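K.L.:
Each residue of the sequence shown is one higher than the last, beginning at 12 in my numbering.
Structure incoming, see below.
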Amino acid sequence: MSRVYPKQYEIWFADLDPSIGSEPGKIRPIVIIQSDVLNKAGHRTTIACAISSLSTAGVSFIRISIDSSGYNGLSKKSYILCDQIRAIDVSRLKSRIGMLEQIDINRLNASVQAILSL
């Protein structure tokens, strides 16, 4: 299998099974949030947030809604689970489906900063 080199803010399908407890599982979209400095260095892991098509009321700053588009590759309105940041091995990445748009990147960065108190 060829080596995978994800880029920051790309959206990929990833196999998140097995999951434990409330961790998102199954094959689902994720967004890469790790810096390209580490991605280009060939790290075997990357840091990502899961994406879900299910809305959760009242948690708008930790669940960012993104509309589907040809650019991001999502087939329907989805939600970045900013409270579900995790490191994953790049072997979990199955296929690149798109890239976040700049407005969504800005919202993602603000949410991650708030969640991590950065």
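Don't be surprised by glycine CBs; every beta carbon is placed ideally from N, CA and C.
These figures come from a predicted structure and were not determined experimentally.
Counting along the chain, where does the beta strand (DSSP E) carrying Ala-61 start and finish?
P.N.:
Taken as a continuous stretch (DSSP letters only), the beta strand (DSSP E) holding Ala-61 covers 56-63.
K.L.:
For the alpha helix (DSSP H) holding Cys-122, just list the boundary residues, first then last.
P.N.:
Looking at the sequence provided, one finds Ser at residue 122 rather than Cys. Where Ser-122 is concerned, the enclosing alpha helix (DSSP H) stretches over 113-127.
K.L.:
Can you name, in chain order, every residue of its own chain whose Cβ lies under 7 Å from the Cβ of Met-110, other than the five neighbours on each side?
P.N.:
Tyr-20, Glu-21, Ile-22, Tyr-82, Asn-83
K.L.:
Hey, Ile-1 and Ser-122: beta-carbon distance below 8 Å or not?
P.N.:
Because the chain is modelled from 12 through 129, residue 1 falls outside the range shown and cannot be assessed.
K.L.:
Can you tell me which of the three DSSP states Lys-51 falls into?
P.N.:
helix
K.L.:
Given a cut-off of 8 Å on the beta-carbon distance, is the pair Phe-24 and Lys-87 in contact?
P.N.:
The Cβ atoms of Phe-24 and Lys-87 do not sit closer than 8 Å to each other.
K.L.:
Tell me, please, whether the segment 28-35 touches the segment 115-129 by the rule of three or more beta-carbon pairs shorter than 8 Å.
P.N.:
no
K.L.:
Can you tell me where the beta strand (DSSP E) with Pro-17 in it begins and where it stops?
P.N.:
Per DSSP, Pro-17 belongs to no beta strand (DSSP E) and is neither H nor E.
K.L.:
Where do the ends of the beta strand (DSSP E) carrying Lys-87 lie?
P.N.:
Premise fails: Lys-87 is in no beta strand (DSSP E) and is neither H nor E.
K.L.:
So, helix, strand or coil for Asp-76, using DSSP?
P.N.:
This sequence places Ser at residue 76; Asp is not what is there. Note: Ser-76 maps to strand in three-state DSSP.
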